[in-house]
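Each number in the numbering used here comes from the position in the sequence shown (counting from 1) with 444 added on.
C-beta atoms are modelled at their ideal positions from N, C-alpha and C, and glycine is treated no differently.
Data first, discussion second: the structure below is written as structure tokens.
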Amino acid sequence: MGPGPSNIHPRVLAAMAQPTIGHLDPAFIDLMDEIKVLLQYAFQTENAATFPLSAPGSAGMEACFANLVEPGDKVIVCQNGVFGGRMKENVERCGGIPVMVEDEWGCAVDLEKVEAALGTHPDAKILAFVHAETSTGVESDARALADLAIQHDCLTLVDTVTSLGGSPVLVDEWELDAVYSGSQKCLSCAPGLSPLTFSERALEKVKNRRSKVQSWFMDLNLIMGYWGKGRRRAYHHTAPVNALFGLHEALLMLREEGLENAWDRHLHNHLVLRDGLASLGIEFLVRKDWRLPQLNVVRVPEALNDASVRADLLKYYNLEIGGGLGPLAGDVWRIGLMGYSSRPENILLCVGALESMLKTCSALATVHKTLENQ
Ligand SMILES: *Cc1c(COP(=O)(O)O)cnc(C)c1O
Numbered sequence: 445m446g447p448g449p450s451n452i453h454p455r456v457l458a459a460m461a462q463p464t465i466g467h468l469d470p471a472f473i474d475l476m477d478e479i480k481v482l483l484q485y486a487f488q489t490e491n492a493a494t495f496p497l498s499a500p501g502s503a504g505m506e507a508c509f510a511n512l513v514e515p516g517d518k519v520i521v522c523q524n525g526v527f528g529g530r531m532k533e534n535v536e537r538c539g540g541i542p543v544m545v546e547d548e549w550g551c552a553v554d555l556e557k558v559e560a561a562l563g564t565h566p567d568a569k570i571l572a573f574v575h576a577e578t579s580t581g582v583e584s585d586a587r588a589l590a591d592l593a594i595q596h597d598c599l600t601l602v603d604t605v606t607s608l609g610g611s612p613v614l615v616d617e618w619e620l621d622a623v624y625s626g627s628q629k630c631l632s633c634a635p636g637l638s639p640l641t642f643s644e645r646a647l648e649k650v651k652n653r654r655s656k657v658q659s660w661f662m663d664l665n666l667i668m669g670y671w672g673k674g675r676r677r678a679y680h681h682t683a684p685v686n687a688l689f690g691l692h693e694a695l696l697m698l699r700e701e702g703l704e705n706a707w708d709r710h711l712h713n714h715l716v717l718r719d720g721l722a723s724l725g726i727e728f729l730v731r732k733d734w735r736l737p738q739l740n741v742v743r744v745p746e747a748l749n750d751a752s753v754r755a756d757l758l759k760y761y762n763l764e765i766g767g768g769l770g771p772l773a774g775d776v777w778r779i780g781l782m783g784y785s786s787r788p789e790n791i792l793l794c795v796g797a798l799e800s801m802l803k804t805c806s807a808l809a810t811v812h813k814t815l816e817n818q
């Protein structure tokens, strides 16, 4: 129940244990085609360029920037947590010019600030933002941000690593352009794959680049030779065959459950956890309408010590929760309810364990007080 990786369903683990076949085996090509269709469903898009990059979410981020940003391009980057900071790094390393729009950790990206930045920088080419900020448990309004980008003739570059499969990500309806995610959060697969989708507009920008994409491995033009249409696939790299068996199974399970049912399950379990924590006096960091159901960021109660509680949960309950990052380190916990981890029995385990720790604490405090008064 940390910020990822989440638990993996036994069906997905079993799929990964199948014998490895060649990355150009006709059976594997069929599986790749199915993965693409299933990912289009997960992203709610008809984008032809929809496939998993053979690398973790961070590489998905890097691939989007490496393909879209050319030297001298101005990119408006929204930062309201850890991952926006990494986007800035990526822009700089691609030779682009980042224009930062900053919001406090624990707040959503401020639409007015973004609109002002787009107005001040009419030459900006891209608006980059994190839909679900895993460092703070905040969801930003991707649809409204994309609307602003469209009004100002910018492409959108969107991080949906934590949102995909857990809350609505409507790539076509919101007209998002370059979108990346991760396998190990709400999709509940093994870490190490990054689903990507590129709109026609984004592909157009990649095709019309003045310079080659600096990264050979992440160059979309080359990757599509392997992941593209038809049965004639060219070797690009050896695909992580077994990891892709797992992704295929997890995406099948998502389709069986139904995307909307998965979103509902994440929301419902979040509300149950919220009520359980509230009964212990544990409060959320984030304002109600900005909360991510799949990542609950709550304040560490005064009576408890952050690090020792997390160590004890792991040691005695076999339960992992996340600590705070950056300015929030030591002050908050990040409790994940992602994918297969988003289940009632996990909520009971977590709330029960925290209740027992709070009780032990208050009992010890009473004993200490009595001893002191003797
Ligand atoms: C986890 C995460 C990433 C990075 O994914 P890795 O698979 O760890 O590289 C990027 N962005 C967000 C919002 C994340 O939660």
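Taken in chain order, the complete beta strand (DSSP E) segments of 3 residues or longer contained in the stretch 531-565 are 541-546.
Boundaries around Trp-777 are those of the beta strand (DSSP E), 776-780, since no alpha helix (DSSP H) includes it. Rounded to the nearest whole angstrom, the C-alpha separation of Arg-709 and Leu-592 is 31 angstroms. Residue state for Arg-754 is assigned as helix, using DSSP reduced to three classes.
For Glu-490, the three-state secondary structure derived from DSSP is coil. By the neighbour-count criterion, in which a residue is buried when 16 or more other Cβ atoms sit within 10 angstroms of its Cβ, His-812 is exposed. If you draw a straight line from the Cα of Ala-634 to the Cα of Thr-564, it comes to about 43 angstroms.
Taking the Cβ of Glu-533 as the reference point, every heavy atom of ligand 1 lies at 8 angstroms or farther away.
Under the three-state reduction of DSSP, Gln-462 is assigned to coil, being neither helix nor strand. Its chain contains Asn-686, Phe-689 and Gly-690 as the residues whose beta carbon lies nearer than 6 angstroms to that of Met-460, once the 5 sequence neighbours on both sides are disregarded; these appear in chain order.
Setting aside the 5 residues that flank it on each side, Glu-799 is surrounded in the same chain by Leu-724, each with a C-beta closer than 7 angstroms to its C-beta; the list follows chain order. The bridge partners DSSP lists for Tyr-624 are Asp-603 and Leu-640. Shown here, Asn-740 sits in a strand according to DSSP, grouped into three states. When the five nearest sequence neighbours on each side are left out, the beta carbons in the same chain lying within less than 7 angstroms of the beta carbon of Leu-512 are those of Ile-570, Leu-599, Leu-601, Ala-622, Ala-646, Lys-649 and Val-650, in order along the chain. Looking at the DSSP output, Glu-577 bridges to Val-582. In the three-state reduction of the DSSP assignment, Ile-791 falls in the helix class.
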